[in-house]
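Engineer: The opening position of the sequence shown corresponds to residue 1 in my numbering, with each subsequent residue numbered one higher. All C-beta atoms, glycine included, are put in the ideal place defined by N, C-alpha and C. The structure under discussion is supplied below as structure tokens; questions concerning it will follow.
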Amino acid sequence: MSWGEWEKLKSDAVERHSSQMRLNGLDGNGGTGTGSGDLVVNRDDLGAIGHEAYLLYSRLSRDGDHARPSTFDASLALTNGNFTSGSELLKVHDRWNSQLRTLLNACARISNHLDYSKSTHAKDDADIEGRLLSTSKIDEYFK
């Protein structure tokens, strides 16, 4: 390749540069810090679900345990009185506690997972934007 051919290829690349597809922004300013990219982390519907899961968790942890002490006491009294229903009531008591813990854990996981997902996606977006901006520096060498 001659020097003239090389210079012609460089000038053609500069002319094409203005019409190339941009991957790092939509608004023409390179996508730096404007938040106008395709990936969006702020999802109100997911935030609302996470908030409702937190509210349900709070209410269940407070209100879901009201009957436990009296149910346990009643099962002991019935068992001590030689009633077979005492042991069955204790099974109901234990089953309720198990199901309540399962539901509380599920609510906590939903709320925590949505918070974690939102934060992780925000970090991923920032990382992707940083990588795209750093690779776009290659274009500076063709000017």
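(1) Does DSSP classify residue 84 as helix, strand or coil?
(2) Under a three-way DSSP split, which group does residue 77 fall into?
(3) Just to confirm, is the Cβ distance from residue 70 to residue 79 under 7 Å?
(4) Which residue wins for smallest C-alpha separation from residue 54, given the options 105, 126, 131, 119?
(5) Suppose you measure from the CA of residue 92 to the CA of residue 76; what does that come to, to the nearest Å?
(6) Excluding sequence positions up to five away, which residues of its chain have a Cβ less than 7 Å from the Cβ of residue 61?
(7) Please classify residue 111: is it buried, with 16 or more other beta-carbons within 10 angstroms of its beta-carbon, or exposed?
Structural biologist: In this structure, then:
(1) coil
(2) helix
(3) No, the Cβ-Cβ distance between residue 70 and residue 79 is not below 7 Å.
(4) Closest in C-alpha terms to residue 54, from the list 105, 126, 131, 119, comes 105.
(5) 13 Å
(6) 104
(7) buried
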